[in-house]
Structures are given as structure tokens and as C-alpha cells.
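When we follow the numbering used here, the leftmost residue of the sequence shown carries the number 115, and every step to the right adds one.
The C-beta atom is built at its ideal place from N, Cα and C for all residues, glycine as well.
All values derive from a computational prediction rather than experimental measurement.
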Amino acid sequence: MKYLTVSADCTKESRDLLSIEWDEGKLGEPTGEAVLKALREGRADYDVVDVDEGNLSSFNGVEVLEVEDE
Numbered sequence: 115m116k117y118l119t120v121s122a123d124c125t126k127e128s129r130d131l132l133s134i135e136w137d138e139g140k141l142g143e144p145t146g147e148a149v150l151k152a153l154r155e156g157r158a159d160y161d162v163v164d165v166d167e168g169n170l171s172s173f174n175g176v177e178v179l180e181v182e183d184e
């Protein structure tokens, strides 16, 4: 038996509950589309309140970093 340490490039589904500081003067009305755009562009400050990680959906690639014998 061998134990491997790998760096895995994987896709996960997670949902974060965010507390967002929203400036209507700069960012407009907080619609779903406007909030998503501001988050993607880094124009809204936020704190992560809670994280709900789902199941691993896929592995896209791995790199073996270390192999140890039992």
C-alpha cells in the first residue's frame, strides 16, 4: 500500500452566504445581475458568513507531489 500526496484540480459546488456592503450611489440597485457583476469585478466589499460545500463534482487533473510507503 502506498499513500500519495497530490495536488488535484477539481470542480466543487459550494454556496457561500455573504454579507455585502452595497453603495447604491456607485453600484445602483442591488439586483441579482448587478450584485454578481460587482462581485466578479471586485467592486463590492463582502464577508463570508457561512459556507455550504456540496459534493465533489469532477476531477480535472492531478499532480503527484509525494509518495510514501506504508
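Of the residues the options, which one's Cα is nearest the Cα of residue i?
i, options, result
"D75", "G142, L132, E167", "The displayed coordinates of the chain run from 115 to 184. Any statement about residue 75 would go beyond what the structure contains."
"D130", "E184, D166, N174", "D166"
"A190", "E155, R157, N174, I134", "Look at the range of the chain in this structure, 115 to 184, and you will see that residue 190 is not part of it."
"C124", "V176, V181, E182, E180", "V176"
Which residue comes first and which comes last in the beta strand (DSSP E) that contains residue i?
i, result
"R129", "116-135"
By how many angstroms is the C-alpha of residue j removed from the C-alpha of residue i?
i, j, result
"E127", "V162", "16 Å"
"V149", "D164", "18 Å"
"A152", "T119", "37 Å"
I need the boundaries of the alpha helix (DSSP H) containing residue i, first residue and last residue.
i, result
"G146", "146-155"
"E138", "138-141"
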